[in-house]
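Peer 1: Residues in the sequence shown are numbered consecutively from 10, following my numbering.
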Amino acid sequence: MAAVQGGLVEEKDIKTEPSNDGCGNNNATDGRLLSTSPGSSAPAGGNKPAAGAPEDQQTLLAVLQFLRKNKLTESVEILRREAGLPEDSLELKAGDSSGAGSGQAADGDGGGGDASSLLSRVTSSASAPVPAPTKGPSSGARNARLILTSSSSSAAVGEDQPDVNVVLSAYSQQGDPALYQVYYNGLKKFIESVLDCHRAELSQVFYPLFVHMYLELVYNNHESEAKAFFEKYSGDQECYYEDDLRVLSSLSKREHMRGNETLLDFRTSKFVLRISRDSYQLLKRHLQERQNNQIWNIIQEHLYIDIFDGMPRSKSQIDAMSGSLAGEAKREANKAKVYYGLLKEPEIELPLDDEDEEAENEEGKPKKKKPKKDSMGSKSKKQDPNAPSQTRIPLPELKDSDKLDKIMYMKEATKRIRLGPENLPSICFYTFLNAYQGLTAVDFTDDSSLIAGGFADSTVRVWSVTPKKLRKVKSAADLNLIDKESDDVLERIMDEKTASESKILYGHSGPVYGISFSPDRNYLLSSSEDGTVRLWSLQTFTCLVAYKGHNYPVWDTHFSPHGYYFISGGHDRVARLWATDHYQPLRMFSGHLADVTCTRFHPNSNYVATGSSDRTIRLWDVLTGNCVRIFTGHKGPIHALAFSPNGKFLASGATDSRVLLWDIGHGLMIGELKGHTDTIYSLRFSRDGEILASGSMDHTARLWDAQKAFDDLETDDFTAATGHVHLQDNSQELLLGTYLSKSTPVIHLHFTRRNLLLSAGAYNP
């Protein structure tokens with residue numbers, strides 16, 4: 010559940026944010042002491058000043074004392090300033106703390122009373138009810154606007170008694186445990202009775218309500234009632250919440266809740282629901298008529314309802330976007346500008362092949378290949394309007410060897426096969442036989458000359474795919490004897506005695522889960538259960554650096570397409586951006602509510618995508634560290650990500666056996682590819698973006714018509730204010746081929762520069 014701030018937003022112009030004390034403590038709940046339940050009637054604007062009455066002064070004085078006692082000084086200052094009080098207006102005589110109370114100094118009773126006795130009076134059941142915030146210019150009204158998560162939020166405790174202990178716990182509200190089933194059942198009957206168009210949207214409320222009502226019962230030591238509630242209604246929840254419900258069922262006592270990560274997610278995050286205004290008004294009216302404060306409290310406290318104007322969404326539209334630990338993403342989360350275009354290619358003169366030169370000499374004109382090369386050169390000179398500036402992030406300068414590699418790439422590209430429905434790629438499958446060490450990760454170099462595997466026995470193994478064997482650099486003593494001015498110095502420094510078809514790299518102290526080659530083929534990254542990411546030299550086949558930042562297993566790592574930078578993600582829920590020459594991470598991307606299971610750089614290196622066990626995908630800006638996109642829709646942990654070559658689209662695969670397609674610019678899901686029957690572990694676009702290949706644990710590789718999927722989009726839908734499009738169920742039309750291995754899960758796919766598809770996996774007898 011994404012740590013979403015803010016509460017229930019009823020109108021578009023209401024943007025209230027909770028205050029923060031600077032230590033990560035969200036103080037939005039403080040304001041609940043100043044609010045009323047939806048069933049209670051608020052006094053008229055000028056009848057009863059919100060902060061002028063003695064009861065209010067006592068309440069606010071106690072709240073300020075409580076905040077000061079718990080060292081929430083920033084909250085104290087905000088409340089004092091909003092009340093318009095000078096710093097020395099009130100003195101709280103309690104121990105060694107002093108704080109400013111609320112109320113007008115002219116009233117004359119602002120400084121009276123002992124703070125400790127006032128605090129006890131506020132927490133006792135005999136304290137006076139709190140008036141509603143008024144619309145007048147009183148300080149109390151301003152305080153309410155500042156602190157409340159919603160202008161209509163409620164924190165009724167028992168018989169509307171204020172309770173400062175509510176600040177300590179989200180579940181300290183005491184309701185009659187016997188009525189929880191009555192409340193839930195009443196709401197269920199109401200939702201089942203509304204019109205079909207509203208029922209699908211309102212049904213989204215069931216799951217988060219069920220979770221928090223159950224946790225409230227457990228927290229307040231009503232174990233038998235909690236168990237009965239769980240058994241009765243857990244079967245009504247959507248099937249994709251099974252894993253979460255299994256964890257929830259283990260929290261049957263209050264002691265179990267301490268230090269539980271899943272519980273922490275539920276308590277500190279708001280579950281986001283996207284509902285049309287008409288559906289929301291129906292729900293609100295029903296709860297007000299029934300004066301159902303228990304459910305209304307939970308909605309205000311733990312849900313963020315993102316209201317949109319327009320027609321209610323259909324069941325299929327809701328199902329497509331739901332399933333994550335946090336509900337859906339807020340629409341505001343996907344509105345930031347993303348520079349998804351490609352960077353301008355460096356201008357490199359492409360020399361003619363020998364045969365092309367001969368052709369010019371003989372005939373006086375180039376062969377047909379020549380114009381193709383020229384067109385590539387002219388294309389690279391055009392600046393993409395959606396691309397970031399070349400200097401937005403510092404990128405490494407091209408070395409001479411990089412320029413030579415670019416030339417080789419451009420030459421290979423001229424011989425590339427144009428793929429399509431009528432021209433599918435050839436597939437070469439690399440099977441790891443007798444891989445009893447447990448193959449966990451595979452990667453190919455960009456030029457397809459090397460393949461590396463990570464294994465559960467802590468080793469990394471590198472093979473040469475070409476006839477050229479792997480060699481180490483000679484020792485220092487031997488290097489001194491070499492003529493450094495000779496033309497073939499690069500060949501002379503390699504030691505022929507060490508030539509072999511494969512090399513084994515030792516260094517990790519736990520299974521290796523992720524590996525990635527650098528674009529220049531000089532380095533290899535590996536991430537492990539031991540919490541480190543290691544950088545290996547492919548010249549000496551030794552470990553150069555062990556990057557230590559993660560505290561738990563690192564599930565994946567990936568080099569930037571431009572080299573130098575790399576990304577890692579692991580069990581600590583944080584993705585880290587590194588540079589090869591920095592021992593500490595440059596950026597930490599925090600926001601996922603579960604393990605970061607896969608990472609991928611955008612083709613322009615300005616963004617990274619992370620997939621997580623919280624069933625969301627996030628896109629992060631490398632420059633600012635901000636999350637600029639949150640994609641929800643998967644029903645299981647995400648294990649595969651792939652950007653299209655033009656940078657406009659993202660494909661994702663998960664344990665739910667589906668491939669989802671996303672438009673990065675608009676922040677919307679645009680396609681769903683169904684056909685696999687097990688976890689999808691690898692996705693790869695062909696070099697020209699025409700074909701998407703997916704590899705799965707179901708022992709198949711499938712080819713999809715990516716070009717058709719993107720061309721069929723209704724671009725008019727992207728402007729819809731509701732933030733969703735209608736997905737076509739056209740998986741069978743887009744499926745171009747299914748290729749079954751005998752008994753080998755496909756854990757990696759790679760398109761060569763000429764669009765040959767390479768795939769790899771370990772034989773599973």
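The beta carbon of each residue, even a glycine, is placed where N, CA and C say it ideally should be.
Measure from the alpha carbon of Ile-314 to the alpha carbon of each residue in Arg-340, Ser-243 and Ile-491, then state which is nearest.
Peer 2: For the purposes of this step, residue 314 is taken as residue 305 along the sequence shown, with counting starting at 1. That would be Arg-340, whose Cα lies nearest to the Cα of Ile-314.
Peer 1: Which partner residues does Cys-607 have in the DSSP bridge list?
Peer 2: To locate residue 607, count along the sequence shown from 1; it is residue 598. Partner(s): Gly-620.
Peer 1: Taking the Cβ atom as the reference point for each residue, do Asp-411 and Leu-351 lie within a distance shorter than 8 Å?
Peer 2: If you number the sequence shown from 1, residue 411 lands on position 402. If you number the sequence shown from 1, residue 351 lands on position 342. No.
Peer 1: Taking the beta carbon of Ala-508 as the centre, do at least 16 other beta carbons fall within 10 Å, making it buried, or is it exposed?
Peer 2: On the sequence shown, position 499 is the one that residue 508 refers to. It counts as exposed.
Peer 1: Under 8 Å between the Cβ atoms of Val-227 and Ser-261?
Peer 2: Translated into the one-based positions of the sequence shown, residue 227 becomes position 218. Translated into the one-based positions of the sequence shown, residue 261 becomes position 252. Going by C-beta atoms, Val-227 is nearer than 8 Å to Ser-261.
Peer 1: Looking only at its own chain, which residues have a Cβ that is under 6 Å from the Cβ of Val-343, when we skip the five neighbours before and after it?
Peer 2: As a working mapping, residue 343 is identified with position 334 in the sequence shown. Correcting the residue identity first, residue 343 is Asn in this sequence and not Val. Answer for Asn-343: Arg-638 and Gly-676, listed in chain order.
Peer 1: With DSSP as the reference, identify every bridge partner of Asn-432, one or two as the case may be.
Peer 2: Your numbering for residue 432 matches position 423 in the sequence shown. According to DSSP, which records beta bridges pairwise, Asn-432 is partnered with Gly-429.
Peer 1: Return the first residue and the last residue of the alpha helix (DSSP H) that Glu-681 is part of.
Peer 2: Taking the sequence shown and counting its residues from 1, one reaches residue 681 at position 672. Taken as a continuous stretch (DSSP letters only), Glu-681 belongs to no alpha helix (DSSP H), being part of the beta strand (DSSP E) at 677 to 683.
Peer 1: Need the endpoints of the beta strand (DSSP E) that Lys-512 sits in, please.
Peer 2: As a first step, residue 512 is located in the sequence shown; it is residue number 503 there, counting from the start. 511 to 514 is the extent of the beta strand (DSSP E) around Lys-512.
Peer 1: Can you tell me whether DSSP reads Ala-345 as helix, strand or coil?
Peer 2: Stepping through the sequence shown from its first residue, residue 345 is reached at position 336. Coil.
Peer 1: On the DSSP bridge assignment, give the partners of Leu-3 in chain order.
Peer 2: A query on residue 3 cannot be resolved here, the shown segment of the chain reaching from 10 to 774 and no further.
Peer 1: Just curious, the beta strand (DSSP E) that Ile-639 is in, first and last residue?
Peer 2: The residue labelled residue 639 in the question sits at position 630 within the sequence shown. Its beta strand (DSSP E) spans residues 636 to 641.
Peer 1: Taking one C-beta from the stretch 293 to 303 and one from the stretch 263 to 277 each time, how about it: are there three or more such pairs within less than 8 Å?
Peer 2: no
Peer 1: With 16 other CB atoms within 10 Å as the buried threshold, where does Ala-486 fall?
Peer 2: Within the sequence shown, numbered from 1, the residue matching residue 486 stands at position 477. Exposed is the call here.
Peer 1: Which one of Lys-279, Leu-692, Thr-633 and Asp-452 has the shortest CA to CA distance from Pro-654?
Peer 2: For the purposes of this step, residue 654 is taken as residue 645 along the sequence shown, with counting starting at 1. Taking only the C-alpha atoms, the option nearest Pro-654 is Leu-692.
Peer 1: If you compare alpha carbons, which of Met-597, Ala-461 and Arg-624 is closest to Val-617?
Peer 2: In the sequence shown, counting from the first residue as 1, residue 617 sits at position 608. For the residues Met-597, Ala-461 and Arg-624, the minimum Cα distance to Val-617 belongs to Met-597.
Peer 1: Just to confirm, is the Cβ distance from Phe-526 to Ser-569 under 8 Å?
Peer 2: By 1-based counting over the sequence shown, the position of residue 526 is 517. By 1-based counting over the sequence shown, the position of residue 569 is 560. Cβ atoms of Phe-526 and Ser-569: not closer than 8 Å.
Peer 1: Just verifying my parser: in three-state terms, what is the DSSP assignment at His-295?
Peer 2: On the sequence shown, position 286 is the one that residue 295 refers to. Helix, per DSSP.
Peer 1: CB Ser-614 to CB Leu-404, shorter than 8 Å?
Peer 2: In the sequence shown, counting from the first residue as 1, residue 614 sits at position 605. In the sequence shown, counting from the first residue as 1, residue 404 sits at position 395. The answer is yes: Cβ separation under 8 Å.
Peer 1: Where do the N-terminal and C-terminal ends of the alpha helix (DSSP H) with Asp-205 fall, by residue?
Peer 2: Numbered from 1 along the sequence shown, position 196 holds the residue referred to as residue 205. Asp-205: member of the alpha helix (DSSP H) spanning 205 to 211, first to last residue.
Peer 1: In whole angstroms, give me the CA-to-CA distance for Ser-661 and Gly-579.
Peer 2: Taking the sequence shown and counting its residues from 1, the one referred to as residue 661 is at position 652. Taking the sequence shown and counting its residues from 1, the one referred to as residue 579 is at position 570. Rounded to the nearest angstrom, the two C-alpha atoms are 18 Å apart.
Peer 1: Please name the residue, chosen from Pro-430, Tyr-522 and Leu-490, that lies closest to Val-469 on a Cα-to-Cα basis.
Peer 2: As a position in the sequence shown, residue 469 is number 460, starting the count at 1. Ranking the options by Cα distance to Val-469, first place goes to Tyr-522.
Peer 1: Which residues does DSSP pair with Leu-459 in a beta bridge?
Peer 2: Your numbering for residue 459 matches position 450 in the sequence shown. BP columns for Leu-459 point to Ser-473.
Peer 1: Using the C-alpha atoms, what's the distance from Asp-665 back to Glu-86?
Peer 2: As a first step, residue 86 is located in the sequence shown; it is residue number 77 there, counting from the start. As a first step, residue 665 is located in the sequence shown; it is residue number 656 there, counting from the start. Take the alpha-carbon of Glu-86 and the one of Asp-665: they are about 49 Å apart.
Peer 1: Starting from Thr-709, follow its DSSP beta bridges and name the residues at the other end.
Peer 2: To locate residue 709, count along the sequence shown from 1; it is residue 700. According to DSSP, which records beta bridges pairwise, Thr-709 is partnered with Leu-749.
Peer 1: Please check the pair Leu-211 and Ile-200, which I expect to be a contact at CB under 8 Å, by giving their CB distance rounded to whole angstroms.
Peer 2: Here residue 211 refers to the residue found at position 202 of the sequence shown. Here residue 200 refers to the residue found at position 191 of the sequence shown. Between Leu-211 and Ile-200, the beta carbon gap of about 5 Å places them in contact (Cβ cut-off 8 Å).
Peer 1: So, are the CB atoms of Ile-524 and Ala-450 less than 8 Å apart?
Peer 2: Residue mapping note: residue 524 aligns to position 515 of the sequence shown, counting from 1. Residue mapping note: residue 450 aligns to position 441 of the sequence shown, counting from 1. Contact: yes.
Peer 1: In three-state DSSP terms, what is Arg-696?
Peer 2: Within the sequence shown, the letter at position 687 stands for residue 696. In the structure shown, Arg-696 sits in coil (DSSP, three-state: anything other than H, G, I, E or B).
Peer 1: With distances taken between CB atoms, is the gap from Trp-472 to Leu-490 smaller than 8 Å?
Peer 2: Position 463 of the sequence shown, counted from the first residue, corresponds to residue 472. Position 481 of the sequence shown, counted from the first residue, corresponds to residue 490. No. Outside cutoff.
Peer 1: Per DSSP, what kind of secondary structure is Asp-318 in: helix, strand or coil?
Peer 2: Position 309 of the sequence shown holds residue 318. Looking at Asp-318 - three-state DSSP - the assignment turns out to be coil, as it is neither helix nor strand.
Peer 1: Over what stretch of residues does the beta strand (DSSP E) that includes Arg-585 continue unbroken?
Peer 2: Counting from one through the sequence shown, the residue named residue 585 turns up at place 576. From DSSP, the beta strand (DSSP E) with Arg-585 extends over 583 to 588.
Peer 1: Can you tell me the Cα-Cα spacing of Cys-32 and Pro-594, whole angstroms?
Peer 2: On the sequence shown, position 23 is the one that residue 32 refers to. On the sequence shown, position 585 is the one that residue 594 refers to. Note that Cys-32 scores 40 on pLDDT, short of 50, meaning its location in the model is unreliable; the coordinates nonetheless yield the value given after this. The C-alpha of Pro-594 is placed about 22 Å away from the C-alpha of Cys-32.
Peer 1: Am I right that Glu-699 and Ala-710 are in contact with their C-beta atoms under 8 Å? What's the rounded C-beta distance?
Peer 2: To locate residue 699, count along the sequence shown from 1; it is residue 690. To locate residue 710, count along the sequence shown from 1; it is residue 701. No, Glu-699 and Ala-710 are not in contact; Cβ-Cβ is about 16 Å, not under 8 Å.
Peer 1: Identify the residues that DSSP records as bridge partners of Met-503: which are they?
Peer 2: For the purposes of this step, residue 503 is identified with residue 494 of the sequence shown, where counting begins at 1. Val-482, per the DSSP bridge assignment.
Peer 1: Per DSSP, which residues does Ile-647 bridge with? Please list them.
Peer 2: For this step, residue 647 is matched to residue 638 along the sequence shown. Ala-663.
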